[in-house]
């Protein structure tokens, strides 16, 4: 499943903004989050537990390979192990 999707982790400051967040991925109009539990045992919702047991103040939005990723707000995107460089 991980090879089929790119996981973009958006670090949210303060409260979760999912109710008012514009479309992030051209192939995911509703900003559908990574499932819980996903194929690796982790969860993609805000303060969800990752496969290694870490609780992260972030969300993982599914975005298919080749899709356009929109940045409709100012902020910083960070890549975390094992996906980062």
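Residue numbers (our numbering): 642 to 726. The beta carbon of each residue, even a glycine, is placed where N, CA and C say it ideally should be.
The beta carbons of residue 682 and residue 692 sit about 5 Å from each other, so the pair counts as a contact at 8 Å.
In terms of Cα proximity to residue 664, the closest of 706, 716 and 702 is 702.
By the neighbour-count definition (other C-beta atoms within 10 Å, threshold 16), residue 716 is an exposed residue. DSSP places residue 701 in the strand class (E or B) of the three-state scheme. Just so you know, the alpha carbons of residue 711 and residue 704 end up roughly 11 Å apart. Its chain contains 708 and 709 as the residues whose beta carbon lies nearer than 6 Å to that of residue 667, once the 5 sequence neighbours on both sides are disregarded; these appear in chain order. As computed with DSSP, residue 666 is found in a beta bridge with 669 and 710. Sixteen is the threshold: when 16 or more other Cβ atoms of the shown chains lie within 10 Å of the Cβ of residue 699, as they do, the residue is buried.
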